[in-house]
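Worksheet: the structure to be examined is printed underneath.
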Amino acid sequence: MAAATLRPWIAQFILNNARLIAYQPLLAPLPTLSTRCNQTRHSSHAPAPSQSALPVSAKPVTIHTIRDLHRKNIPITMLTAHDFPSASLASAAGMDLILVGDSLAMVSLGMPDTSEVMLEDMILHARAVSRAAARSFTIGDLPMGCYEVSPEQALQSAIRMLKEGRMQSVKLEGGKDFADTIKKITSAGISVCGHIGLTPQRQHALGGFRVQGRTTSAADKLLMDARAVQEAGAFAVVLECVPPEIASIITSKLSIPTIGIGAGNGCSGQVLVQMDMLGCRPEGSFLPKFVKRYGDVWERSLAAIEQYRDEVKTRKYPADQHNYAVDEAVVKAFKAIADKSDENP
Ligand code: KIV
Numbered sequence: 000m001a002a003a004t005l006r007p008w009i010a011q012f013i014l015n016n017a018r019l020i021a022y023q024p025l026l027a028p029l030p031t032l033s034t035r036c037n038q039t040r041h042s043s044h045a046p047a048p049s050q051s052a053l054p055v056s057a058k059p060v061t062i063h064t065i066r067d068l069h070r071k072n073i074p075i076t077m078l079t080a081h082d083f084p085s086a087s088l089a090s091a092a093g094m095d096l097i098l099v100g101d102s103l104a105m106v107s108l109g110m111p112d113t114s115e116v117m118l119e120d121m122i123l124h125a126r127a128v129s130r131a132a133a134r135s136f137t138i139g140d141l142p143m144g145c146y147e148v149s150p151e152q153a154l155q156s157a158i159r160m161l162k163e164g165r166m167q168s169v170k171l172e173g174g175k176d177f178a179d180t181i182k183k184i185t186s187a188g189i190s191v192c193g194h195i196g197l198t199p200q201r202q203h204a205l206g207g208f209r210v211q212g213r214t215t216s217a218a219d220k221l222l223m224d225a226r227a228v229q230e231a232g233a234f235a236v237v238l239e240c241v242p243p244e245i246a247s248i249i250t251s252k253l254s255i256p257t258i259g260i261g262a263g264n265g266c267s268g269q270v271l272v273q274m275d276m277l278g279c280r281p282e283g284s285f286l287p288k289f290v291k292r293y294g295d296v297w298e299r300s301l302a303a304i305e306q307y308r309d310e311v312k313t314r315k316y317p318a319d320q321h322n323y324a325v326d327e328a329v330v331k332a333f334k335a336i337a338d339k340s341d342e343n344p
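Numbering that gives the first Met the number 0 numbers the first residue of the sequence shown as 0 and each following residue consecutively.
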């Protein structure tokens with residue numbers, strides 16, 4: 000499949016998913032395909048669209064929108080984005096929240112785990128995401144090493160994530176032990192999303208990627224962590240890899256929304272890593288059990304690039320419609336000059 004035919008497929012994918020948003024009437028209408036196509040050119044030879052390029056009807060999601068959705072028991076949608084195109088997709092598809100997660104380390108930077116990614120890396124990617132996330136509320140993940148030393152260190156990192164990364168809030172991993180840290184950041188007027196359960200930054204201390212809260216005492220500790228995060232002022236908390244029954248009980252005991260990932264359908268919302276759910280790796284690659292593969296970007300992209308390869312090799316591409324016109328007389332004159340220069344190089 001050629002690149003030219005891949006683009007409408009992506010657009011159709013966005014539309015199909017946008018149509019599935021059951022609570023759409025509650026929100027401002029999403030931009031239509033035609034308004035999106037007319038407003039900007041996403042190509043290597045066109046400037047990136049500014050936020051003002053979005054139709055005025057695409058009302059931005061704020062912290063109040065999130066509270067409103069939660070109060071009305073309407074599931075909150077969150078998706079990761081790590082660059083301008085992935086954020087454009089997430090925003091166009093009507094995601095409430097876009098997370099610049101430190102999963103960036105593995106899915107986009109090829110690192111073995113999240114411990115290697117630096118705040119500076121996160122800020123660079125967050126800034127790219129912020130340029131595209133016109134409608135969604137953005138969250139920048141604080142990576143390992145930039146918030147654990149002290150609440151002051153955490154606040155400094157959070158400020159950088161907002162000032163330099165242009166995010167609207169931050170996320171950090173940790174429960175009760177990080178309540179003072181969350182309090183410090185929220186007291187400075189920065190919204191914080193907590194993250195408890197499986198906290199990948201502490202995978203070694205947890206003994207690997209393991210389901211959390213499977214015993215009564217572990218579940219009770221999770222609830223204590225969730226309550227501490229809430230008391231500290233977090234606006235939401237991610238629950239990762241927790242049995243659905245436990246996650247539902249925790250959700251029912253909180254006044255802030257829970258955003259589940261591998262935590263069942265009883266959470267206030269869901270989050271997935273975009274590259275995972277789009278199928279950006281070959282069929283058969285490892286994916287956690289909780290991931291549903293909604294797309295087959297790898298297969299379609301591979302087919303497109305293979306077709307491009309074949310068409311270049313067979314001189315089928317570029318064809319007439321890809322060429323720039325020039326006056327025939329100019330070509331003739333130029334050929335004469337060029338031929339002459341052969342005699343007199
Ligand atoms: O880094 C990330 O993408 C995350 C989500 C999986 C919640 O933390």
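C-beta atoms are modelled at their ideal positions from N, C-alpha and C, and glycine is treated no differently.
For Val270, the Cβ falls inside the 6 Å cut-off from some heavy atom of the ligand KIV.
In this chain, the beta strand (DSSP E) harbouring Ala235 covers 235 to 239. Taking every protein chain shown into account, the CB of Glu119 has fewer than 16 other CB atoms within 10 angstroms, so this residue is exposed. By the C-beta density criterion, Glu298 is exposed, having fewer than 16 other C-beta atoms within 10 angstroms.
Here Val272 is not near Thr137, since their CB atoms are 7 Å or more apart. Residue environment analysis places Ile255 among the buried positions, since at least 16 neighbouring C-beta atoms fall within 10 angstroms of its C-beta.
Across the structure, Arg213 and Ala262 are spaced so that their CA atoms are roughly 12 Å apart. Distance from the CA atom of Leu141 to the CA atom of Val311, rounded to whole angstroms, is 44 Å. Taking the C-beta atoms as reference points, Ala225 is found no nearer than 7 Å to Val210. In this structure, the alpha-carbon of Gln229 lies about 21 Å from that of Gln155. In this structure Thr250 is buried. Its beta-carbon is surrounded by 16 or more other beta-carbon atoms within 10 angstroms.
Pairing Ala89 with Ala132, the inter-Cα distance amounts to about 8 Å.
Between Leu238 and Ala246, the C-beta spacing is below 7 Å.
Assignment of Ser190 by DSSP, reduced to helix, strand and coil, places it in the strand class. Within a 10 Å sphere around the beta-carbon of His124 sit 16 or more other beta-carbons, which makes this residue buried. With a threshold of 16 other beta carbon atoms within 10 Å, Glu172 meets it and is buried. The beta carbons of Met274 and Val106 sit about 4 Å from each other, so the pair counts as a contact at 8 Å. According to the DSSP assignment, Lys170 belongs to no alpha helix (DSSP H) but to the beta strand (DSSP E) extending over 168 to 170. Relative to the ligand KIV, Val237 has its C-beta within less than 6 Å of a heavy atom. Taking a contact as a CB-CB distance under 8 Å, the pair Phe234 and Cys266 does not count as one, their CB atoms being some 15 Å apart.
In this structure, Val290 keeps its C-beta atom at 7 Å or more from the C-beta atom of Leu277. DSSP places Gln211 in the coil class of the three-state scheme, outside both helix and strand. As a beta-bridge residue in DSSP terms, Thr76 pairs with Gln269. Between Ile184 and Ala227, the CB-CB gap reaches or exceeds 7 Å.
At a Cβ-Cβ threshold of 7 Å, Met77 and Ile258 count as neighbours. The beta carbon of Pro111 sits closer than 6 Å to no other beta carbon from its chain once the five residues preceding and following it are set aside. In this structure Arg165 touches Ser129 by the C-beta definition: roughly 4 Å separates them, less than 8 Å. Note on Ile62: under 16 other CB atoms within 10 angstroms of its CB, so exposed under the neighbour-count rule. Shortest gap from the CB of Ser85 to any heavy atom of the ligand KIV: 6 Å or more. Taking 7 Å as the cut-off, the beta carbon of Gly196 is found no closer than this to the beta carbon of Cys145.
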